[in-house]
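Chemist: So that we are looking at the same thing, I have put the structure below in structure tokens.
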Amino acid sequence: MILACVTGYGTPAAKDAYMSLSEPMTNGAGIRRSLTGLVLPLGILMLVAMMVLPLPAFILDFLFTINILMSLLILMVALHTYRPLDFSSFPSLLLVATVLRLGLNVASTRIVLSEGHTGTEAAGKVIEAFGAFVIAGNYVVGIFVFAILVIINLVVITKGAGRVSEVSARFTLDAMPGKQMAIDADLNAGVLTAEEATLRREDVAREADFHGAMDGASKFVKGDAIAGILILAVNVIGGLAIGMLQHDLSVGEASELYILLSIGDGLVAQIPSLLLSIATAIIVTRVSSRQDMAQHIKGEISMSRAWFPVAGVLGLIGLVPGMPTVLFVGMAGAAGAAGYAFRQAELRGDDEAPDETAEPEEPSDPNTLKVTDVADLSAVTLLLSYPLLTMVDADDGGPLARRITTVRKEVSQALGFVLPGVRVRDDLALSANDYRIKIGQTVVAENKVYPDHKLALPSGTSRIKVKGIDVKDPSFGIDATWILPEREIEAEANDYVIIEPETVLATHLNQILYKHASELIGQDDVQELLDNLSGVVPQLVQSVIPKLMPLHTLTAVLRHLLRERIPISDLRRILELLSEMSGRNLSIAETAETLRPHLVGLLIQQSAPLNEPLPVVTLESSFEHLLINSAKQSDGDQLLLDGGLAERLVLALVKVNEEQTELGKKPFLVVSPQIRRKLANFLLQHVADFAVLSFTELPDGRKVDVVASVSGEEQNEPAN
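Shown next, in the form of structure tokens:
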């Protein structure tokens, strides 16, 4: 209980998580879900009522605007999906949008035929504006423009989308038995658990249902286009008859009023219909990938071999007598420039060796089983949800891959050994924008990153709260906000620090690599370091390894050092010290503790510049004596503390660490040598990034700045 309590308050993020779990449950969420569930049924009932009850013109204007908004939104979502199943509600949305549009047609037809004789504004501003803009004083031109739009929608887009939907549904249904048999075979072989097999079957069933629904939904679009033609004919013929027979209008007056209103009504309906038809065609022709449509097309048309012939043909056409030479030659130059740019990008890609730090897996057949699916031997794995794959899918590896490469190099240089490559994989089980970091097979960190946002970190002078998604920074646990790119200027003006999403993720990975470095070094890595050192001091290496110390023991000692972030880059010095310590019969932990004073200077110089005072935190004399007495009574390397005392110590150190981090400093806790190792082992479980030094490890001649003095009392104030 004591350990759990202390661990829970070890970091601000953990504290927030525990507090959120302890909040009282309310029924507010259930009420919101109930209200949300009523929206769609009430909306359908309103659509039916709209076909029967007369609507005033201003409500028609509002509903026509909503119709256009919905169609544009559906089209944009379709453009940004990675695979058809990402928009599985599309068939239902298509039906609702079609019914809304037909209901508006009925309502507008009623008002056009009943009130059209009063003027062109009778059916509202939207219909009047659409009709006047297209007709522009010529009714015949307006009718032909409308007819062309209907032909494009009906004959080209809708017919093609319907055919693709039909073929996709047939092929998907034909493939279902084979997919189900493959899942059963994997389940019987023990490759899949019962839960995973159930999820796979549900995914196969959802795919079949989706393509079957899309086959039927495409018929809605076709019927909608035909209905638009018939409704236009009814409005024109009925309007002319009513205007001339009931309201004694001349043929010219009736045509001026009713044809304008009919064309406007038809266009207001056909434009959203055309948008939905395009969205339908995009969904059914979409190939599953890790990119949205624009990125997918860009990646496949950026071939220099295709652009140079295009430039040549355009240039030749421009030289033909009578052709607009300037236009064609200009286009040829633009195509040649594009080809040259793509060629340079290809050459850069060939010159750069592929980096093993970012290895997105290629899409594979779900029915194929490979040994890598069963035994993942990667030392470090970064699992990304689908939306985050845009950060690694560029031709050059993407911004995230470059950041990971930089992080791996920096951490390797700082710690003194080559870190293993980071394997980047997609994980469909993750929620949108989620990522996980695994060391071996263990998940050691997870958080969220929004690739279309930027993280805004407030500074000490930030006074205005920027609008966005409030979070805790995954690396430092401080308050931060994910903002849209258009708010970046506003945030910078208010002294916020703006961080790119790939930088946020890479910084979190950086901390995880430092924290778990001791788990990432093995005997093969140590042997590689020894082989490299043998080229400089071969006799030293041969005299120490394995004569004085076996390879596995040296590896264990280095792991102890790395556990507290002590760099092992000076391996020559380590071997010299080990040779001097021969015959002392020390344990692995004692050997590492003996090496520390000679190596800790490498850690200090990485954390605090040489020309600045070293920020340190000390313990009050009475509190330190209490810990020394407790250490004497504790067996092994564990420090036994009272629960309340341990909690106050951890909270005080967390507070000091946060304050110093905001000032850009990295403090060290300086204690007596008798308790250094036990206190460091205790804090590694709760404040892992707080280095603990003994007084004897402080470098000579280095200025020290005592930023805080911690006691075992309830409240601790940082030293001035």
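In terms of our numbering, the sequence shown is residues 756 to 1475.
Note that beta-carbon positions come from the ideal geometry of N, C-alpha and C, so glycine has one too.
1. Is it right to say residue 1272 is buried, meaning 16 or more other beta carbons lie within 10 angstroms of its own, or is it exposed?
2. Can the beta-carbon of residue 1223 be found less than 9 angstroms from the beta-carbon of residue 1212?
3. Report back the beta-carbon spacing between residue 1214 and residue 1182 to the nearest angstrom; my notes put them in contact at under 8 angstroms.
4. How long is the line joining the alpha carbons of residue 855 and residue 822, rounded to whole angstroms?
5. Is the region 1367-1379 close to the region 1388-1395, with three or more CB pairs under 8 angstroms?
6. Which residues in the same chain as residue 911 place their Cβ atom closer than 7 angstroms to its Cβ, once the five residues preceding and following it in sequence are excluded?
7. Residue 1265 and residue 1165 - do their beta-carbons sit closer together than 9 angstroms?
8. So, at 8 angstroms on beta carbons, what are the nonlocal neighbours of residue 1327 in its own chain, with the 5 sequence-adjacent residues on each side left out?
9. Which whole-angstrom value is the C-beta distance of residue 1158 and residue 1258, which I expect to be below 8 angstroms?
10. How many angstroms separate the CA atom of residue 932 from the CA atom of residue 1140?
11. Can you tell me whether residue 1382 is helix, strand or coil according to DSSP?
12. Using three-state DSSP, classify residue 1184 as helix, strand or coil.
13. Let me know the alpha helix (DSSP H) ranges lying completely inside the region 1145-1170, each 4 residues or longer, listed in chain order.
14. Take the Cβ of residue 1244 as the centre, count every other Cβ of all protein chains shown within 10 Å, and call the residue buried at 16 or more, exposed below.
15. Would you mind listing the alpha helix (DSSP H) stretches within the region 958-1035 that are 4+ residues and don't spill past its ends, in chain order?
16. Looking at the structure shown, is residue 1346 part of a helix, part of a strand, or coil, going by DSSP?
17. If we ignore side chains and look at the alpha-carbon of each, how far apart do residue 1270 and residue 1216 end up?
18. Would you call residue 1340 buried or exposed, if buried means 16 or more other Cβ atoms sit within 10 Å of its Cβ?
19. Mapping DSSP to helix, strand and coil, what is residue 1305?
20. Are the beta-carbon atoms belonging to residue 1087 and residue 1066 less than 9 angstroms from one another?
21. Determine the extent of the beta strand (DSSP E) in which residue 856 is found, giving its start and end residues.
22. Taking the alpha helix (DSSP H) that residue 1428 belongs to, which residues open and close that run?
23. Where does residue 1445 land, buried or exposed, given buried means 16+ other C-beta within 10 angstroms?
24. Beta-carbon separation of residue 819 and residue 991 under 9 angstroms?
25. Measuring alpha carbon to alpha carbon, tell me which of 1352, 998 and 997 ends up nearest residue 1455.
26. Can you give me the C-alpha to C-alpha distance between residue 843 and residue 997, rounded to a whole angstrom?
27. Can you check whether the CB of residue 1020 is closer than 9 angstroms to the CB of residue 899?
28. Within the same chain, show all residues whose beta-carbon is closer than 6 angstroms to that of residue 1448, passing over the 5 residues directly before and after it, in chain order.
29. Does residue 901 pass the burial test, meaning 16 or more other C-beta atoms within 10 Å, or should it be called exposed?
30. By the three-class DSSP mapping on this structure, what secondary structure does residue 1269 have?
31. What are the boundary residues of the alpha helix (DSSP H) that residue 1279 is part of?
32. Nearest to residue 1037 by alpha carbon, out of 1388, 1229 and 836?
33. Nearest to residue 1132 by CA position, among 1171, 1275 and 978, is which residue?
34. DSSP on residue 1219, reduced to helix/strand/coil?
35. Within 10 angstroms of its Cβ, does residue 1218 collect 16 or more other Cβ (buried), or is it exposed?
36. Under 9 angstroms between the Cβ atoms of residue 1237 and residue 1226?
Modeler: Judging by the given coordinates:
1. buried
2. no
3. So it is not a contact: roughly 35 angstroms between Cβ atoms.
4. 7 angstroms
5. no
6. none
7. yes
8. 1288, 1291, 1292 and 1295
9. 6 angstroms
10. 29 angstroms
11. helix
12. coil
13. 1153-1170
14. exposed
15. 1006-1009
16. helix
17. 31 angstroms
18. exposed
19. coil
20. yes
21. From DSSP, residue 856 is part of no beta strand (DSSP E) but of the alpha helix (DSSP H) over 845-870.
22. 1428-1439
23. buried
24. no
25. 1352
26. 46 angstroms
27. no
28. 1423 and 1425
29. buried
30. helix
31. 1278-1289
32. 836
33. 1275
34. coil
35. exposed
36. yes
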